[in-house]
Amino acid sequence: MLLMARNSKRHKTEPEHPSDSLGEVWIRRARSDYVTAVEEEASRHTTHRQSVDPEFLEELQRRREEYVKQKKSVAGQCHVLSESDLEEAFGHEGSFVVRGEPPSDGWIWSAYEEPYTERAWTFLPEDGGSLHQEGICNESTLAKTWGIAIASCKGCKSIGDTTVGQDNFAAAQLSCGWKALCVFDGHGINGHWPALRAAQTMPYFLQQAQCAEALKRGHAAAALTTAFRNVQEEMEAAAVQEELDLHLCGATGTVALVAPGGKSVWVATVGDSRAMLFDSHSKTVYQTSDHKASREDEAARVKQAGGKVIISEYADGTRDYRVAPKDLSSPQIAVSRSLGDLIFKDSGVIAVPEIVEWQVAKPSEAYLLVCSDGVWEFLTTMDLRYLTLEALQSEGASATEVVRGLLQRAKQSWNDQEEFYCDDITVVLASLSGGLPALLRAPKESCPGCKQGSCPMQ
Numbered sequence: 001m002l003l004m005a006r007n008s009k010r011h012k013t014e015p016e017h018p019s020d021s022l023g024e025v026w027i028r029r030a031r032s033d034y035v036t037a038v039e040e041e042a043s044r045h046t047t048h049r050q051s052v053d054p055e056f057l058e059e060l061q062r063r064r065e066e067y068v069k070q071k072k073s074v075a076g077q078c079h080v081l082s083e084s085d086l087e088e089a090f091g092h093e094g095s096f097v098v099r100g101e102p103p104s105d106g107w108i109w110s111a112y113e114e115p116y117t118e119r120a121w122t123f124l125p126e127d128g129g130s131l132h133q134e135g136i137c138n139e140s141t142l143a144k145t146w147g148i149a150i151a152s153c154k155g156c157k158s159i160g161d162t163t164v165g166q167d168n169f170a171a172a173q174l175s176c177g178w179k180a181l182c183v184f185d186g187h188g189i190n191g192h193w194p195a196l197r198a199a200q201t202m203p204y205f206l207q208q209a210q211c212a213e214a215l216k217r218g219h220a221a222a223a224l225t226t227a228f229r230n231v232q233e234e235m236e237a238a239a240v241q242e243e244l245d246l247h248l249c250g251a252t253g254t255v256a257l258v259a260p261g262g263k264s265v266w267v268a269t270v271g272d273s274r275a276m277l278f279d280s281h282s283k284t285v286y287q288t289s290d291h292k293a294s295r296e297d298e299a300a301r302v303k304q305a306g307g308k309v310i311i312s313e314y315a316d317g318t319r320d321y322r323v324a325p326k327d328l329s330s331p332q333i334a335v336s337r338s339l340g341d342l343i344f345k346d347s348g349v350i351a352v353p354e355i356v357e358w359q360v361a362k363p364s365e366a367y368l369l370v371c372s373d374g375v376w377e378f379l380t381t382m383d384l385r386y387l388t389l390e391a392l393q394s395e396g397a398s399a400t401e402v403v404r405g406l407l408q409r410a411k412q413s414w415n416d417q418e419e420f421y422c423d424d425i426t427v428v429l430a431s432l433s434g435g436l437p438a439l440l441r442a443p444k445e446s447c448p449g450c451k452q453g454s455c456p457m458q
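If you're matching positions, the sequence shown starts at 1 in the UniProt record's numbering and goes up one per residue.
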């Protein structure tokens, strides 16, 4: 596996005075989702070919064969969803779903994607269901009628990178009246596949009777727990059917459920994609927490399951926390919860989400952002709040322009901070009262970063 060495000017977890010494420019593992190498060499702006532990390869092959044999022996216990299953779940009682659609393989060549390509959308049902009530089904109608705006693009992981971007998303109006906003960030070999599969199946399972009934009774946590479990199980079965190895790929996931009326938001997360809730007047902000082994509770669970927490400390004081499987030193993963990633599942890296509830006093003034970590890497919560509100207050600005503006700001911050690397970026914005933009003008505030002289946009 190749690991890129990049010159990181300043990470969000780094001190304010990074060293510029050539000898202290380290490989930034935080940019790489997996590390399988046992040797590395540090220098500036070079690609390092790593030697892989032979014992790891043998153990990985053994586990793959054992897993596939086990799954085939219980084939049929978990139904693999077909495209018709996904389509038929929506289109009744005002329900619809919008999700990202990555490029697919051709007859001769594998799928590819140029850097910074915007993710295409798929609507189910094809006519947009209740989105079609205004005579047209597109992103403008999604924003105006339902108060949802989405922008997603592939990053650039290396010079000449044509791999498929690994972010994906879904936004659904469920039959029970709840809205679901989902962001999935894939990682590892073929990481775009688990992100796509989760974007396809999460809305489906939330729409099914078990979750729908729980939501009608107000039991959102139970619905989210069930949906995540079903997504993981179906993903495993689909991977076996498609002969795709799910041991070394997976996805983080953030799913926000907005109750009818917008006075309650439930958010379930695995990994380091995040959601934040804010309003147009007060500075009250809610935000989810990342799942990394740097959290004591997450590290404790990993260790109790037999997994290893690997801590690397760099010359500038930055610490990098990774999880390695029991009895192995590699691979190592940056998150402590995820979908997929089968080689880590018996080592404490679980697919069970952490769930929070946020109460909303005035839905008419409240906004929800759900984004992949490509947004959060260099932009703070308060920076994003300020930038979003400022854009929504701009005369004549559309919701689509707002989210694309946030995407561009995130991309610019990567260009400013990283010389040769930009992560995939996904932004989902929702007004809890429906309809975007719908902001009551408030006095403009100074960006917190500008006040401190550390705004990456300066």
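All residues carry an ideal CB built from backbone N, CA and C; glycine is no exception. Remember, it's a predicted structure, so these values are computed and weren't measured experimentally.
Using three-state DSSP, classify residue i as helix, strand or coil.
i, result
"residue 302", "helix"
"residue 400", "helix"
"residue 126", "coil"
"residue 61", "helix"
"residue 409", "helix"
"residue 66", "helix"
"residue 108", "coil"
"residue 113", "coil"
"residue 417", "helix"
"residue 144", "helix"
"residue 393", "helix"
"residue 356", "strand"
"residue 84", "helix"
"residue 326", "coil"
"residue 423", "coil"
"residue 288", "coil"
"residue 154", "coil"
"residue 431", "strand"
"residue 167", "strand"
"residue 308", "strand"
"residue 294", "coil"
"residue 46", "Since pLDDT at residue 46 reaches only 26, below the 50 mark, its modelled position is unreliable, and the value read off the structure follows with that caveat. Reduced to three states, the DSSP call for residue 46 is coil."
"residue 347", "helix"
Quick test of your reading: residue i and residue j, contact by CB under 8 Å. State the CB separation rounded to the nearest angstrom.
i, j, result
"residue 155", "residue 194", "Not really, about 18 Å apart at Cβ, beyond 8 Å."
"residue 367", "residue 429", "7 Å"
"residue 290", "residue 272", "4 Å"
"residue 275", "residue 369", "7 Å"
"residue 101", "residue 122", "4 Å"
"residue 162", "residue 236", "With a Cβ gap of about 29 Å, residue 162 and residue 236 do not count as contacting."
"residue 337", "residue 240", "About 22 Å separates the two Cβ atoms, so there is no contact after all."
"residue 372", "residue 207", "With 8 Å as the limit, residue 372 and residue 207 do not qualify as a contact, their Cβ atoms being about 23 Å apart."
"residue 183", "residue 205", "About 16 Å separates the two Cβ atoms, so there is no contact after all."
"residue 90", "residue 142", "Actually they do not touch by this definition, with Cβ atoms about 14 Å apart."
"residue 80", "residue 234", "7 Å"
"residue 253", "residue 198", "6 Å"
Here's a check: name, in chain order, each residue in its chain whose Cβ is nearer than 8 Å to the Cβ of residue i, leaving out the five neighbours to either side.
i, result
"residue 249", "186, 187, 188, 189, 190, 191, 193, 194, 340 and 341"
"residue 415", "422"
"residue 201", "81, 86, 230, 231, 234 and 235"
Take residue i and list the residues in its own chain whose beta-carbon comes closer than 7 Å to its own, dropping the five residues that flank it on each side.
i, result
"residue 407", "151, 153, 425 and 427"
"residue 363", "261, 262, 263, 432 and 433"
"residue 309", "293, 299, 302, 303, 321 and 323"
"residue 211", "205, 223, 226 and 227"
"residue 410", "374, 375, 379 and 425"
Near residue i, which residues of its chain fall below 6 Å by C-beta distance, leaving aside the five closest residues on each side in sequence?
i, result
"residue 139", "400"
"residue 216", "176"
"residue 118", "153"
"residue 268", "224, 255, 353 and 355"
Per DSSP, what are the beta-bridge partners of residue i in this structure?
i, result
"residue 97", "124 and 172"
"residue 340", "250"
"residue 279", "366"
"residue 320", "312"
(request) Mind listing, in chain order, the continuous beta strand (DSSP E) runs of no fewer than 3 residues lying wholly within the region 172–257? (result) DSSP assignment within the region 172–257 yields the following whole beta strand (DSSP E) runs of 3 residues or more, N-terminal first: 179–188.
(message) Ignoring anything shorter than 4 residues, give me the alpha helix (DSSP H) runs that lie fully in the region 362–388, in order along the chain.
(response) 373–376
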